[in-house]
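Below you'll find the structure, written out as structure tokens, and then a few comments.
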Amino acid sequence: MSKKKILTIVGARPQFIKLAPLCKKIDQYYQHCVVHTGQHFDDNMSKIFFEEMGIRKPDINLNIRGGLHGHSTGNMLIELEKVYVDKKPALVIVFGDTNSTLAGALVASKLCIPVLHIEAGLRSFDKHMPEEINRICTDHMSTILSAPTQTAITNLTNEGLTKNVYFHGDIMLEAHHYFMKHIKDSHHPSFTNQLNLSHHTFALMTLHRASNTDDKMVLTDIMTTLGNLNIPIIFPLHPRTKNKLTEFNIQCPSNIQCIEPVGYLDMLTLLKETSIVLTDSGGLQKEAFFVKKPCITLRDTTEWVETIHAGANRLVMDTPKKLNRDFLQQAIQSIDQYSFLGAPFGDGNTTDKIMDALG
Ligand code: UDP
């Protein structure tokens, strides 16, 4: 009997990380075709993750690069439709909340192909975020909804989505456990040494949400305010942020060390050794929680509310575009009062549960 055919759609950095623990398992039991849309294409945003995390090469790379949301999503729809018509998959898997997620799910649903959405049910309740629109639409087009948290299940229930909804836990926790052990066993060198930093006396920062980067005043305010903090900050620059800093002619303050994006393994060593995380990334808020490091989120909402309830994360924007200096000061000053209560992201065995749901 021939194996069921599954197409998996990825395109952005966090999706490669989510694919890592799942890919080999699907390869083993299904005819598996991995499609890379090309959304992230720089070597240090794409290739390094496949190499370091031992993910096999995508079967198809659509090489759809750059452009505004409508343009790039439109191109993905056109190209993915050709792939689906040709491959005739029994199921399509999409991850997270990017344009690749939306396009992957939309094409499948128009062709009546079932969709599994991994990381379903997350909501920031801020529809100005392009990611929020992608999440809502994808969930409503999906056939199987794999939720990372109980809050995500509640969000889906509140939108009338109750069928084939599963609490599978967070797939990034599984990747995190696996690769943390890997860097320990393989003695992966500490990236901190290369940066000439002493352990535990620096902050790790990432910043790439459009609300923080695309407005000159907002980005200038964030950089100036963080420049006044009395702590060295390591800042791996997302390509969008790098372009915007250049376009707006914003200089990095002297305490902020801008570096190129790093691979996942170097990111894990930075996470282990940092004293605090400053971020607007969804993934990094959780990873700070996994390693029990205080997190300051440069946003006014989060879809990972469990990190807030646990006492591990503070939001420091008043509105999507206004950094609140008082909140930031309080968050920094009370760094030893953070707590990490509960285990809201599951038991770290998400991929086994996903495989069960695949049938
Ligand atoms: N990450 C990385 N290198 C970097 C910055 C981030 O490996 O230079 C990892 C980070 O540890 C997390 C993931 O990328 O696992 C988060 O991706 P990103 O912030 O791009 O997306 P988001 O989580 O906001 O969707």
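Each residue of the sequence shown is one higher than the one before, starting from 50 at the first, in my numbering. Heads up, the beta-carbon is just placed ideally off N, CA and C, and yes, glycines get one too. Being a predicted model, the structure only gives us computed values, none of them experimental.
query: Look at the Cβ atom of L253, then the Cβ atom of L294, and state whether they are nearer than 8 Å.; result: no
query: Quick check: is any heavy atom of the ligand UDP less than 7 Å from the C-beta of R62?; result: yes
query: Considering only their Cβ atoms, is the gap separating L126 from L155 smaller than 8 Å?; result: yes
query: Note down the Cα distance separating N200 from L171, rounded to an integer number of angstroms.; result: As written in the sequence, residue 200 is Thr, which differs from the Asn given in the question. The alpha-carbon atoms of T200 and L171 are separated by roughly 8 Å.
query: With a cut-off of 8 Å on the beta carbons, I'd call V164 and T192 a contact; round off their distance for me.; result: 5 Å
query: I'd like the ranges of any beta strand (DSSP E) spanning at least 3 consecutive residues and lying wholly in the region 320 to 361.; result: 325 to 328, 344 to 346
query: Would you mind listing the alpha helix (DSSP H) stretches within the region 224 to 285 that are 4+ residues and don't spill past its ends, in chain order?; result: 240 to 243, 259 to 262, 265 to 276
query: Can you list, in chain order, the residues of its chain with a C-beta nearer than 7 Å to that of A61? Leave out the 5 residues immediately preceding and following it.; result: Q88, H89, T147, S149
query: Are there any heavy atoms of the ligand UDP lying less than 7 Å away from the beta-carbon of P310, as far as the coordinates show?; result: yes
query: Would you mind reading off the limits of the alpha helix (DSSP H) that contains S121?; result: 118 to 136
query: For Q306, which three-state DSSP category applies?; result: strand
query: Can you check whether the CB of H166 is closer than 8 Å to the CB of T399?; result: no
query: For the ligand UDP, any of its heavy atoms closer than 7 Å to the Cβ of E355?; result: no
query: State yes or no: is the beta carbon of M125 nearer than 8 Å to at least one beta carbon in chain B?; result: The question asks about chain B, but that chain is absent: this structure has only one protein chain.
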